[in-house]
Amino acid sequence: MNEDRYDNVDGLMGAFQQFSRLNWQKTTMFGLKPSEIRVLITIRMSKKRTGKDTLTVSEVSRLLRVTSPTITQMVNSLLSQGFVVRTSDTQDRRISVIQLTEKGELFADKAVARIRDTFKGMIDYLGEEKSEQLIELLNGVHAYFEQLNEQPDSL
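Spelled out as structure tokens, the structure:
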């Protein structure tokens with residue numbers, strides 16, 4: 001087998017490690033943690049897509065691929081800061097639903113705009129052609145890691 005094709009493995013590993021050291025997704029915005037921002041954006045985008053004002057904790061959990069207790073913690077924090085309200089579902093009182101307050105909607109819109117501006121800057125920096133290539137490559141990387149995650153662990 002030709003091992004020359006793996007000459008770039010260290011370079012590829014190094015490129016991925018650079019992203020973890022950058023903490024580009026870990027910066028706070030307006031005093032909120034990135035995970036809290038993702039919850040707000042998820043609720044906001046769901047409303048724009050479906051027209052539905054509310055989501056349950058389990059729906060947010062499924063959309064973000066995070067456990068429900070983790071989402072509950074974030075929702076409690078957002079609740080105390082006035083970004084969301086929690087109410088009982090109109091159909092089933094045992095289920096609680098989360099809804100953005102006006103403050104939460106404004107914040108989510110600002111966060112989305114800021115994130116979009118960041119990626120617009122990346123397109124300006126790389127150019128359209130390289131940006132398209134990057135999208136294609138990253139989608140391929142994602143598909144590869146999804147396949148790896150589906151394989152059972154072996155020793």
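For what it's worth, the UniProt record's numbering labels the leading residue of the sequence shown as 1, then goes sequentially. Where is the CB? At the ideal position from N, CA and C, for every residue including glycine. It should be emphasised that the depicted structure is a prediction, and the values quoted were computed from it without experimental measurement.
With the rule of 3 Cβ pairs closer than 8 Å, the segment 138-153 does not count as touching the segment 70-80. Burial check for G104: the Cβ neighbour count within 10 Å reaches 16 or more, so the residue is buried. Rounded to the nearest whole angstrom, the C-alpha separation of K130 and M122 is 10 Å. Here V9 is exposed, its C-beta having fewer than 16 other C-beta atoms within 10 Å. Here the alpha carbon of R86 sits roughly 15 Å from the alpha carbon of R44.
Closest in alpha carbon position to A111, among F145, V75 and M29, is M29.
Here L32 is buried: its Cβ has 16 or more other Cβ atoms, across all protein chains shown, within 10 Å. Closest in C-alpha terms to S80, from the list Q151, E3, E136 and E36, comes E36. Contact check for S61 against L55 fails: the beta carbons are separated by 7 Å or more.
Under DSSP, M29 takes part in a beta bridge, and its partners are L32.
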